[in-house]
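Presented below is the structure to which this report refers.
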Amino acid sequence: MKQYVRILFFWTALFIFIPFLGNDFGKGVWGSEETESSKAELAPFSVHGALRVEGAGLVDQNGESIRLRGMSTHGIAWFPEYVNYDAFRTLRDDWKTNCVRLAMYTEEYNGYCSGGSQEELKALVKKGVDFGTDLGMYVIIDWHILSDSDPNIHKEEAIAFFKEMSWYCKNQSNVIYEICNEPNGYAAWDSIKAYAKEVIPVIRANDPDAVILVGTPMWSQEIQKAAEDPLEYENIMYTLHFYAATHTDWLRMRLKECIKHGLPVFVSEFGLCDASGNGQNDFRQAELWMELLEQYQVSCCGWNLANKAESSSVIAAGCGKTSDWTEADLSEGGRWLRNYFRSLP
Ligand code: IDC
Numbered sequence: 008m009k010q011y012v013r014i015l016f017f018w019t020a021l022f023i024f025i026p027f028l029g030n031d032f033g034k035g036v037w038g039s040e041e042t043e044s045s046k047a048e049l050a051p052f053s054v055h056g057a058l059r060v061e062g063a064g065l066v067d068q069n070g071e072s073i074r075l076r077g078m079s080t081h082g083i084a085w086f087p088e089y090v091n092y093d094a095f096r097t098l099r100d101d102w103k104t105n106c107v108r109l110a111m112y113t114e115e116y117n118g119y120c121s122g123g124s125q126e127e128l129k130a131l132v133k134k135g136v137d138f139g140t141d142l143g144m145y146v147i148i149d150w151h152i153l154s155d156s157d158p159n160i161h162k163e164e165a166i167a168f169f170k171e172m173s174w175y176c177k178n179q180s181n182v183i184y185e186i187c188n189e190p191n192g193y194a195a196w197d198s199i200k201a202y203a204k205e206v207i208p209v210i211r212a213n214d215p216d217a218v219i220l221v222g223t224p225m226w227s228q229e230i231q232k233a234a235e236d237p238l239e240y241e242n243i244m245y246t247l248h249f250y251a252a253t254h255t256d257w258l259r260m261r262l263k264e265c266i267k268h269g270l271p272v273f274v275s276e277f278g279l280c281d282a283s284g285n286g287q288n289d290f291r292q293a294e295l296w297m298e299l300l301e302q303y304q305v306s307c308c309g310w311n312l313a314n315k316a317e318s319s320s321v322i323a324a325g326c327g328k329t330s331d332w333t334e335a336d337l338s339e340g341g342r343w344l345r346n347y348f349r350s351l352p
């Protein structure tokens, strides 16, 4: 009998005191449902909604300035395994990022216009978009031109691709379209502009309010050309790309001047190493870049989410995990980037 009273007393006391035991204990007892749903409410898109361009930057549904930050995939044809829900969840919850860029090469080996399966690539992009939507993250669909220097080379394929994608994404206002990664070589701003004038209306016909990113000449460095002669559409941003060990003061000066001039700029790709995607990381230059991007609230995506043996890959070469990485699973650059994103307000 004594034993029985003791047990009864114990359980009564436990139930009376549980509510006072503090959050952490409560979570453990009541399971993870509450935590999951409160996370969904706090998901970036649930808080900020559809974005639009105002002045030189982005604002959210409440008109407040917002800075997108996140990772770009590597070429999705080469590293499709990183386009998965848990990878993006890790980037959202552990890396504290709000945006993912899906890089789809057009001309490199197995690219969309060079022998890759267009159906499979489109399916992968849609999958990536849906994961981003489910997680309340912003997603950039990147038509990743590179060795095809002028976007007009594959203009017809681009038009068909963006027509299909913008139809698919018409109700997913977390999607941003990047219509040409890095024009280069002989591709002059006039020619890029002519391409943009054909592709933008195709996207806008399905998804009228979407933010659209336009690449600039010289591997998306000559934003001043766009500042001198901008496109006449709303909700357009121009891309600037930098690799910290290659591009330094002179490119930062250009960014500063263009922003002061009111040009909306999005750094849709940057690296900590040199422009080859490999070599030493330059953290000093990277810090200077980040100070500037923070000062002007410039959105940015780091290159790249893969485990390739090159310094720009954020997963350590040899690590086979496709989500839930520990610090030991990351490359030197990966650790820097994760810490950087986590340090942001
Ligand atoms: C690089 C990749 C590398 C790949 C190469 C293909 O890191 O693994 O073999 O492309 O040509 C860019 C491009 C981006 C490049 C990156 C590094 O947008 O595709 O990725 N870079 O060279 N612009 C400047 C640098």
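Each residue of the sequence shown is one higher than the one before, counting from 8 in our numbering.
C-beta atoms are modelled at their ideal positions from N, C-alpha and C, and glycine is treated no differently.
{"Query": "Check whether Q262 and L238 have beta carbons under 7 angstroms apart", "Result": "Gln is not the amino acid found at residue 262; the sequence shown has Leu there. The answer is no: Cβ separation not under 7 angstroms."}
{"Query": "Inter-residue spacing [alpha-carbon to alpha-carbon] between E205 and Y303", "Result": "31 angstroms"}
{"Query": "CB of H151 within 7 angstroms of CB of Y89, strictly", "Result": "no"}
{"Query": "Residue of K129, T333, E163 and P158 minimising C-alpha distance to W174", "Result": "K129"}
{"Query": "Distance, V66 Cα to H81 Cα", "Result": "28 angstroms"}
{"Query": "Close Cβ partners of T104 (< 8 angstroms) along its chain, the five nearest in sequence each way excluded", "Result": "R76, G77, M78, L98, M144 and F348"}
{"Query": "Where the beta strand (DSSP E) containing H151 begins and where it ends", "Result": "Y145 to H151"}
{"Query": "G278 (DSSP reduced to helix, strand or coil)", "Result": "strand"}
{"Query": "Three or more C-beta pairs below 8 angstroms linking the region 150-164 and the region 188-196", "Result": "yes"}
{"Query": "Straight-line Cα distance separating P271 from A234", "Result": "9 angstroms"}
{"Query": "Where E229 falls, given that 16 or more other Cβ within 10 Å makes a residue buried", "Result": "buried"}
{"Query": "Through-space distance from V136 to D281, alpha-carbon basis", "Result": "29 angstroms"}
{"Query": "Backbone secondary structure at L75 - three-state DSSP", "Result": "coil"}
{"Query": "Inter-residue Cα distance where the pair is S306 and H268", "Result": "17 angstroms"}
{"Query": "Uninterrupted alpha helix (DSSP H) stretches inside the region 182-226 (no shorter than 4 residues)", "Result": "196-213"}
{"Query": "Beta-carbon proximity check, S275 vs E185, cutoff 7 angstroms", "Result": "yes"}
{"Query": "Residues bridged to I243 (per DSSP)", "Result": "I219"}
{"Query": "Beta-carbon proximity check, N288 vs S318, cutoff 7 angstroms", "Result": "yes"}
{"Query": "For F52, three-class secondary structure by DSSP", "Result": "helix"}
{"Query": "Span separating the alpha-carbon of D100 from that of P51", "Result": "11 angstroms"}
{"Query": "Per-residue DSSP class, three states only, for C307", "Result": "strand"}
{"Query": "For M111, the residue or residues it bridges with in DSSP", "Result": "W150"}
{"Query": "Heavy atom of the ligand IDC within 6 angstroms of N288 beta-carbon", "Result": "no"}
{"Query": "C-alpha distance - Y346 paired with S198, whole-angstrom precision", "Result": "Correcting the residue type first, residue 346 is Asn in the shown sequence and not Tyr. Using only the alpha carbons, I get a separation of about 39 angstroms."}
{"Query": "Of the listed residues S338, I73 and W296, nearest to A316 (C-alpha basis)", "Result": "S338"}
{"Query": "Under the three-state DSSP convention, the category G64 falls into", "Result": "strand"}
{"Query": "Sub-7 angstroms separation of F86 and A324 beta-carbons", "Result": "no"}
{"Query": "Alpha helix (DSSP H) segment containing C265, residue limits", "Result": "D256 to K267"}
{"Query": "Identified DSSP bridge partners for G82", "Result": "A110"}
{"Query": "Residue range of the unbroken alpha helix (DSSP H) whose run includes W296", "Result": "F290 to Q302"}
{"Query": "Among G284, L131 and N69, the one whose alpha carbon lies nearest that of H55", "Result": "N69"}
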